[in-house]
Structures are given as structure tokens and as C-alpha cells.
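See structure below.
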Amino acid sequence: LVQRLQVARRELSLESAINRLDRFDLLILDDFAYVSKDQAETSVLFELISARYEHRSLLLTANQPFGEWDRIFPDRAMTVAAVDRLVHHSTIFELNVESYRRRTALERKQQGPGRPASIATPNNVGVPPRPEDQQ
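When we follow the working numbering, the leftmost residue of the sequence shown carries the number 204, and every step to the right adds one.
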């Protein structure tokens, strides 16, 4: 989405691209703060956040608390303004839980090689396990 918005900005059609997203009542941005963003990326993200602010719903998942977003986004003023808009009418769910992927990997390691029992069915009994299931 960010790359498409950046292309739209270069083609001077960012407003139109963002307006096309208005057909969605809810826009979900998953792993929002997963990697650092450059100035161009944060700029179009801010435009998107601003356009949807008090107009349409936006759901974000992030693995970093808001207080650490200044490490991810290069412009502190833009970060503060974006967070301000995001939290104004928000319900924030902070989940302090163990990683599901990590827990599943540990469980699979403890089960030993082969398919986990939850995957084995009468239809696939006797079928050799997939290589990715033998880790």
C-alpha cells in the first residue's frame, strides 16, 4: 500500500488514490511499526492517517508502543501528529503476551519430527510428512 501511495504521489494523484480507499469502512495496516520508514514512506502514511481521521476507520497492529515510534519514523513532529490523530478516538488494545509463532515453534520442537497430531487426519495417514513439518 505504501509503495502504491508513493507512486501516486510521484504521479501527482495521491489525493485520488487515498480517496479510492474511502470505499472501505475499515482499513487494516498490519505490522505497522515493524520496520523503520524513510521520509517518503512516513509522508504518505501521514497523509493516509490524516485523510481517514474522523472520516473512516483505521486499524493498526504494531509490535512497538507509541513511545518508540520516533525510532521508526524519521520526522518526530510528523510522528507526534500521526499518533495524536490515531489515539484521539481510538480504543487501544495492548497485548502483553508471548509470541504465538514462538510458542507454536517450541511446541512443535517438543513433539519431535513428523506432523503434529492436529494436522494428521484419516485422509493423510500413511502420506510422508512434508519437509517443512520435520523441523
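Glycine is no exception: its CB is placed at the ideal position from the N, C-alpha and C atoms. From a predicted model like this one, the values you see are computed outputs, not experimental measurements.
Closest to residue i by C-alpha separation, out of the options, would be which residue?
| i | options | result |
| --- | --- | --- |
| L208 | I275, A243, D273 and D233 | A243 |
| S246 | A211, R304, R223 and A265 | A211 |
| M281 | E250, T307 and F296 | E250 |
| Y303 | R279, T294 and N266 | N266 |
| I275 | L224, H291 and L248 | L248 |
| D225 | Q206, E257 and R279 | E257 |
| S293 | Q314, L261 and R279 | L261 |
Are the beta-carbon atoms belonging to residue i and residue j less than 8 Å from one another?
| i | j | result |
| --- | --- | --- |
| P277 | D241 | yes |
| I252 | L289 | yes |
| L232 | L263 | yes |
| R255 | L230 | yes |
| D287 | R259 | no |
Exposed or buried, what is residue i when buried is set at 16 or more other beta-carbons lying within 10 Å of its beta-carbon?
| i | result |
| --- | --- |
| F235 | buried |
| A220 | buried |
| L217 | buried |
| A285 | buried |
| L309 | exposed |
| L215 | exposed |
Please list the segments of the beta strand (DSSP E) lying wholly inside the stretch 205 to 274, counting only runs of 3 or more residues, in order along the chain. Counting only runs of 3 or more, we get 229 to 232 and 260 to 263.
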